[in-house]
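Quick notes on the structure that follows.
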Amino acid sequence: MTEQKKKETKESIYKTLSKIDVKQYLDVISYETKKGNKFNLKYLSWAKAWGLVKSIYPNATYKIKEYPNWISTPDGVMQAGTLDYRITSVGCEVEVTAFIEGNEYTQKLYPMDQKNNPIMRPTIKDINKAQMRCLVKALALAGLGLEVYAGEDIPEEPAKKPSTQNKAKSMPAYPPTYQYPRKLSKAQLENYTVEFSDGEKRTLKEIFKRAETNDVVRQWIKSGKHDNTTATYIKQLGGIYKAEKKIKAESNQQPQQPVSEDDGFEDIIAK
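Residue numbers (my numbering): 6 to 276.
Quick look at the structure:
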């Protein structure tokens, strides 16, 4: 299939799937905070999402990514098969790719609790649930129910009476512990591992260190061409490094040097 034909097919798939009104297929999970506030979380189940896609594109398939399973033996580290998940410093990661009419739609996800915080010791049930949810998000990239993820599964608070002092439509209030992706400490951010297409893995600390002397790495950081979680963590760590640089300059009683266009941190924070 030529690139032009593939692009046209992808656009056709999006137009077709985005026209499906998934509201009638949404399920709702209700939960209550410690303060007694009740919230409803709407979601599209994987079974309904996959059924809708297969009814239109019967040849559609999906694949859960397999990762090498490295184990320690008396003879050293050896690979013992594969696992359909991988453990990172910030949780357990899964990846799913949907294949529709020759096009690929890939998403990554971490098993999370009801507050969307990564589960650090997930069970097989948690992992399987995350894989199926990841499939639904991959299908959203193709156009199915994309509006459901416009707020990244943000729960809706029960409607409140509008204030007479402010007639403007206000955003709903969410639990103060809710964050997506969650905010990490400096050490966690530095140890966050990025896997590139060639299989090379680097921590964010190593990547930022390389950016000091490597234009290609610096441009990659500034490009913003990362998944949402990685982009957020790059922005957070860049902000920390920039703040530390400013504090160090002030403590040495030196006038702060203007941040050059190639520094990288300024562009990261501005995004």
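For glycine and all other residues, C-beta sits at the position ideal for the given N, C-alpha and C.
Please read these numbers as outputs of a predicted model, since none were measured by experiment.
| Check | Outcome |
| --- | --- |
| Cβ shell of Val141 (< 7 Å), same chain only, five flanking positions each side left out | Leu49, Trp51, Ala54 |
| Burial state of Pro127, where buried means 16 or more other Cβ atoms lie within 10 Å | buried |
| CB contact flag (Gln119, Tyr36, <7 Å) | yes |
| CA-to-CA distance, Lys12 to Ile76, given in whole angstroms | 42 Å |
| Straight-line gap, Ser23 to Thr218 (C-alpha atoms, nearest Å) | 44 Å |
| Reference Pro73, options Ser60, Leu88, Val82, closest by Cα | Leu88 |
| Option nearest Ile245 by Cα separation, candidates Ser190, Val222, Thr111 | Ser190 |
| Between the CA atoms of Tyr110 and Leu144 - distance to the nearest angstrom | 7 Å |
| Opening and closing residue of the alpha helix (DSSP H) in which Ser35 lies | From DSSP, Ser35 is part of no alpha helix (DSSP H) but of the beta strand (DSSP E) over 32-37. |
| Spatial distance of Asn45 from Pro116 (CA atoms) | 20 Å |
| Pairwise C-alpha distance: Ser256 and Val27 | 56 Å |
| Beta strand (DSSP E) segment containing Leu1, residue limits | With the chain covering 6 to 276 only, the question about residue 1 has no answer from this structure. |
| C-beta contact flag for Tyr19 and Gly148 at 7 Å | yes |
| Contacting residues, own chain, Cβ-Cβ under 6 Å from Asp131 (five flanking each side not counted) | Pro116, Ile124 |
| 6 Å Cβ shell around Lys68 - same chain, five flanking residues per side excluded | Thr102 |
| Residue environment, Thr234, which counts as buried when at least 16 other CB atoms sit within 10 Å | buried |
| Own chain residues within Cβ distance below 6 Å of Glu100, not counting five before or after | Lys70, Lys113 |
| Where Gln29 falls: helix, strand or coil (DSSP) | helix |
| Length of the line joining the Cα atoms of Leu31 and Arg207 | 39 Å |
| Phe104 versus Ile25 - alpha carbon distance | 19 Å |
| Reference Glu98; option with closest CA among Asp232, Asn42, Ala254 | Asp232 |
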